[in-house]
Each structure stands twice: as C-alpha cells, then as structure tokens.
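Protein chains in written order, with the UniProt record's numbering: chain B, 1 to 331; chain C, 1 to 315.
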Amino acid sequence: MSSDEDERIPLPERPEWADVKPIPQDDGSNPVVPIAYKEEFRETMDYFRAVYASDERSPRSLGLTVEAIKLNPGNYTVWHFRRLVLEKLGSDLHDELDFVNSIAKSNSKNYQIWHHRRWVAERIGIEAASLELEFTKEIFSLDAKNYHAWSHRQWVLQALGGWENELDYCDELLEEDIFNNSAWNQRYFVVTRSPLLGGLESMREAEVKYVVKAILSNPGNESPWRYLRGLYKGDTHALIHNPEVSSVCLEVLKEKKNCVFPLSLLLDLLCYGLQPNEEFSNVVEALRPSNSGPPEVNLKKTICSVLETLDPLRSNYWIWRKNNLLPSSEV
Amino acid sequence: MMGELEVEKHVQFILSVEKKKDDFESVAMEHIRINGAYWGLTTLALLGKLGVVDQDEVVSWIMKCQDESGGFGGNIGHDPHILYTLSAVQVLALYDKLDVLDIDKVSSYVSGLQNEDGSFSGDIWGEVDTRFSYIAICCLSILGRLEKLNVQKAVDYIVSCKNMDGGFGCTPGGESHSGQIFCCVAALAITGSLHHIDKDLLGWWLCERQVKSGGLNGRPEKLPDVCYSWWVLSSLIIIDRVHWIDKEKLASFILNCQDKENGGISDRPEDAVDVFHTFFGVAGLSLLEYPGVKAIDPAYALPVDVVDRIFIGRR
C-alpha cells in the first residue's frame, strides 16, 4: 500500500479493496469543489467507516487505520478500532511502538497518541519501561514542558519502574532550563514518591542546598521559590528554623532586584513565627519608595506595602495580606 | 484604554465555522464537532444570539451522536466518550431540551466510567484524568443524578491530586495546571466539597498566572493564552479570590486577541482565531462582567439563566 502522498493510489482503484463499499459521512455535506487532499481524506474515511461498520479486523484494516491516522491523528474512533484489530491479529507490540514513534513527534500534544502508547506499554509490561523513558526524553528534547509526556513519564515510573536515574534527569533538564516548572514538579515527584529514596524529610537538607543555588542563579524564577516552600510542606516549624531559608531571602533582597518572591517568602516566615531582626528591617526599609511616609512599626505590614508597589498587578492580594495579618507585638 | 467586543463579527465567525463543513480545518475537526457545537453555541447564547442557529437541526444531529451505550461520540458514527457526552448534555441544556434524553441511560453510561479509586475513565479504553472527574460530576449534576456516583470517592480522588502549591494536576503528582485546576475546583464546588481547598494558597498560585501583558498563563513561566482567562478566572471566582488579579488588564488582553476584521478570538494577539478560543475569550469577558455579555456560571460553564432553569425548576 502506498504511503507516499505523491504516488498514492486512490482506494477505489486498489484491487484489494474492490469488495468494499465505502460509507460517506452522514452529515449531508458534499464538497462543491473537491481539492486533492480533501478528496484523499474523505475517501480514506469513507473506507474506514465501511470496515468499522462491518467490524473487519484484518491486516488491510490495520493498514487503512495507518492512512487514516496520518491524515488525522486526532480521530479517536480510528485509534480505538486499531486497538481492536491489533488485539485480534496478535500484532507485535514493539512494532506498534515504532509506529507511534513515527507520528508522535509531529503530534506531541495529541491525547490519543499518548493514550495509545500507554495501552501498548501496559501490554508489553516492565520491558517497556526503558523504551518509554527514552521516548519521553525525545519529546522533551523538542518541548521540555509537554504536559502529556510528563503525565506519561510519571505513569511509566509508577507502573513499570525506572526510578534510578530520574533525579539526575531532572537535574539535566534544569541545567538546560532552570525555568522549567515541569522539571521542578518532577523533582518533587521523585523526592516524595520514589521507592528508592528515603522520602521528603530525609532528602530535605540536600534539596534545600540545591534549590537555594537555583534561586540565587535566577531570583526572578517562580518555580524554585515554590519548590523551597514545598520541601517544608506541613512543617512550618522546620521552615522558620532553617537559617538557610531566611538567608536566601536576605541575599536576594540586598541586590534590590527581583524582590517580590523573597519578600513574599519573608512575609510568610514572619507569619509562621520567625523572629524579625534588624537585618530584615533594614533590607526591607531600603526597598520602600522614597516618597512613602514614616516606616510602619510592624515589619509584616511594611513588607505588604512594599509588595503593593512592586507587584501592582496583584496589589489587591497584598492589601488583603496586610489586612489579614494576625495582631503581633513585634517591632 | 479598553477596546471593544466585536459581537456581530464573532457571531458571523461562529456561523461560518458551522456552515463551512468542507474546508480542511472543519474536516479535520469532524470527530470533535460536538465540542465545537458546545463552544460555538454557548458563545452565541452568551452574546444573546442563540436564535440564529436552527435548534431542531442541532438537537436532532446531537441525538444521532448517541451510541447504544448511552454515551455520545464526537460526531455521528464515532465511539462514545465522556468528553462528548458532557458537550451533548450541555448543548441540550442550552435549548432546554434535556427531556429528549433517556436520562437514566446517559447517567448509567457516565457512572459506569467511575473506577475503584474514585477516578473516572474517559471511555472503555481506560484513560484516567481529573478532567473526566469534572465531566462526570458536572454532567450528572445537570441531569439530576449525581447520587449515581460514589461522590465521596470521587472527591477523595480529586483531593489526592492536590499538590504542595495548592493546585491540582491530571493524576496524583501531576504538575499543577490551570486547566486541571479548573476541573478539580469546579468538581469540588458542585459536590459541596470546597473545604478541601486551601483557598488562600491556591488563590495566590492562580493570581500569579497574570503576566505583564495582563493575560493569564497556565503554569509558571509559560506564555499567556486566552483560554486560561476562563480556567484561571472561573477557579478564582469559585474560591472567591478573583479580586486578586487585575481585571481590567485581563479584559484588555482578551479584547486584543480579537480578529476585528473577520471575527473570532485567538490564543494571543495576532495569532489565528478558532472557535475554542472565541468561546473562552467571551466566557472570560462574561466572568469579568463585560457589558452586553450574559453571565456565565463558573462551575457549569453554561449561561447562568440556563443553570437557574435546570436547578430552580427542580426544587
């Protein structure tokens, strides 16, 4: 069967399809001026409908689904039918992975392709783990934030294994792009769920050092700030008692650039009970606009006021924070 | 300076998409036409122009998309899937024609897709995603059959997808993503389970989606897209934190995504338009109370008067 578009033989002219009566789409429309590619599409789908209606699970049907998928990879009914045919024919599933490979890169945001891959990989079993991890890597080399691919990769790790090098892989991706939120999320996924590691608390110290380094290299990057908070999820006591955390805020604030994230974390630390000191007060004071009135007695309030001016898009949020501070007696 | 919403142009654009069944894009979207119908018709309804499309034609075509399982396919002859089943129910609701359905049959199809752990599959092939949790809950709520689900387990599964940043992903551990967040938040709202959400934490994550241009992105460090004007905004409204974004700047962003010549709205300024982004842009403006656009319900994604008709009539 020809797969080269220039040499494509129309289905009605192929002897092996002579016994099939194609079924047109039942929505009443007919092209006024058929254009070549539309004709090819329509014809392929008409023949597909015929074998689908007669439930013909044969090699020629399998081949036809390839043509239909190449013309429209989003057509989920074709994918379903292909699975039925693959099951009936007992086809080689490794070949099937190769087939998906061939169309996946140009259709990497297509839900059907990812679901089909999962279906195939499930059937192959643990053997598929390295293939799937390799495949998602290839997709990430084109689009390192592809949500489908990350979802697939997480499924592979949990269902088929392969956790050994995952933290290193996250590291690799973050070296390439420290702003990759998906890679940060994956890192958290590994640290909290890998059966090979000791869990969040045991990994915390090393991860704090890792994330502090990332923050200092790009203080305006939202992801590592969130990651740092995530490392102390449910344990604000430990958060405020790790001097590295308030330190990184101070260090960034001293540069007087990219102040929103460190100020917001400092605010939270103070709200959790961190005792303010002169160093904090001074660095925040240095950020107040020169035309603002006398400094507020309460450091938390001052921080909120500064954030209102530095982050005007979210000024209502910072005003709300200011109005919802618990009363405190600190200076 | 606020631009203007080109209502007439958008109406014409949507009608042209409906009529142009032969161009390549329409043909390529053939298998999800029922989603397209929901996007297009709900937009028309929000602009007060639902009457320009023939109701009977739409309703009879929709019913032809139903399969013997009770579920609906994306178009006639397509396999049933939960995605298209919701769109079918939503479109019928727009026309106040839910009574043409065998409600028990559709409900059984949807409830049959719930798994042991409370999650939902999209269809018999088993893909699991919190999108499907929302769809099942929204659909059965509209049909008045929410009790056919194991609601507690459904809620438990959604909560298991909550991340450390307060957001939600497609499956447990999945990256927080505005689209998934909308699905989880709306599902929790419909089931009366919003207490599971840390509204302040999530509200902050959501308001951080607003970038300098005023548009909203779906995840940190990604580009803004008009569709997030819906998913982020509706989530903020449901958790009562919408005042945390700059609404005027967002409205300007959406209006800048219009094709003022030919109608339609695109994902971001200067890009090609499509029905999907046209719907989400108009829906976003509705949530921002843009004059002339009818109110939309943030959880059901249908005009408020339609939702009122469904629920008030039921009591």
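Even glycine gets a Cβ: it sits at the ideal position worked out from N, Cα and C. All of these numbers come straight from a predicted model, not from anything done at the bench.
task = State the DSSP-derived secondary structure class of C/V293, mapped to helix, strand or coil.
result = Here C/V293 sits in coil by DSSP.
Let me know the secondary structure DSSP gives C/D96 once reduced to three states. coil
* To do: Can you tell me the Cβ-Cβ gap for C/S69 and C/A37, rounded? I've got them flagged as a contact below 8 Å.
  => With 8 Å as the limit, C/S69 and C/A37 do not qualify as a contact, their Cβ atoms being about 20 Å apart.
Interface positions of the region 55-67 of chain C facing chain B (Cβ-Cβ less than 9 Å), listed along the chain: W61 and K64
Notebook entry, point to check: If you count every other CB in all the chains shown that lies within 10 Å of the CB of C/V100, and 16 or more means buried, which is it?
Noted result: exposed
Could you round the C-beta distance between C/V226 and C/G281 to whole angstroms and report it? I think they count as a contact, below 8 Å.
5 Å
message = Quick check: C/S234 and C/F182, are their CB atoms within less than 7 Å of each other?
response = yes
- Would you identify the three-state DSSP class for B/S292, choosing helix, strand or coil? coil
Margin query: Taking 8 Å as the limit between beta carbons, can you name the residues of its chain near C/I76, skipping five residues before and five after?
Written below: These residues qualify, in order along the chain: W61, K64 and C65.
TODO: Look at C/I34 and C/G74 and say whether their C-beta atoms are less than 7 Å apart.
DONE: yes
query: Given a threshold of 16 other Cβ atoms within 10 Å of its Cβ, counted over all protein chains shown, does C/A272 qualify as buried or as exposed?
result: Exposed is the call here.
Quiz item: In this structure, does DSSP put C/D274 in helix, strand or coil?
Solution: strand
For C/V128, which of helix, strand or coil comes out of DSSP? strand
* DSSP state of B/P34, grouped into three classes? -> Here the model assigns B/P34 a pLDDT of 38, short of 50, so the residue's position is not dependable, and the following value carries that caveat. In this structure, B/P34 counts as coil in the three-state DSSP scheme.
Between the alpha carbons of C/L44 and C/V11, how many angstroms are there, rounded? 7 Å
Sheet register partners of B/L167 (DSSP bridge) | None; B/L167 has no bridge partner.
Q) Does DSSP put B/F179 in a helix, a strand or coil? A) coil
Rounded C-alpha distance that separates B/L265 from C/D240: 23 Å
B/E222 versus B/E251: straight-line alpha-carbon distance, rounded = 16 Å
- [ ] Please look up how many angstroms separate the CB atoms of C/I82 and C/A154, rounded, as I've assumed it's under 8 Å.
- [x] About 13 Å separates the two Cβ atoms, so there is no contact after all.
Residue range of the alpha helix (DSSP H) that includes B/E87: Y76 to L89
Please list, in chain order, all residues of the same chain as C/P172 whose beta carbon is under 8 Å from its beta carbon, the five residues on each side excluded. The answer, listed in chain order, is S160 and C161.
Cβ neighbours of C/M29 in the same chain (closer than 8 Å, five flanking residues each side left out):
G36, listed in sequence order.
Name, in chain order, the residues that DSSP records as bridge partners for C/I265.
-> C/Q258 and C/D274
Counting only runs of 3+ residues fully inside the region 10-71 of chain C, write out the beta strand (DSSP E) ranges in chain order.
-> none
For C/W244 versus C/C184, is the C-beta distance shorter than 7 Å? no
- Query: Counting Cβ pairs, one atom from each stretch, are 3 or more of them under 8 Å apart for the region 242-259 of chain B and the region 292-305 of chain B?
  - Reply: In short, these stretches do not touch, since the Cβ pair count stays below three.
Check: Is it buried or exposed for B/S58, if we count other Cβ within 10 angstroms and need 16 for buried?
Finding: exposed
Practice prompt. Out of B/A206, B/G162, B/N146 and B/E207, point me to the one whose CA is closest to B/L196's CA.
Written response: B/G162
task = Figure out for me which residue from C/G292, C/H277, C/G126 and C/I312 has the closest Cα to the Cα of residue 317 of chain C.
result = Nothing about residue 317 of chain C can be read from this structure; chain C reaches only from 1 to 315.
ask   = Of all the CB atoms in chain B, is at least one closer than 7 Å to the CB of C/P220?
value = yes
Closer than 7 Å at the beta carbon, the chain B residues around C/H196
The CB of C/H196 never comes closer than 7 Å to any CB in chain B; the least such distance is about 15 Å.
At a CB distance below 7 Å, what residues from the region 160-184 of chain C approach chain B? Give them in sequence order. Those residues of the region 160-184 of chain C placed with their C-beta closer than 7 Å to a C-beta in chain B are M164, D165, C170, T171, G173, G174, E175 and H177, ordered along the chain.
query = So, using beta-carbon positions, are B/D46 and B/P22 closer together than 7 Å?
reply = yes
| Taking C-alpha atoms, which residue in B/A286, B/E43, B/S217 and B/A128 lies nearest to B/E175? | B/S217
With C-beta atoms as the reference, is residue 350 of chain C less than 7 Å away from B/S182?
Any answer about residue 350 of chain C is impossible in this case: the structure gives chain C only from 1 up to 315.
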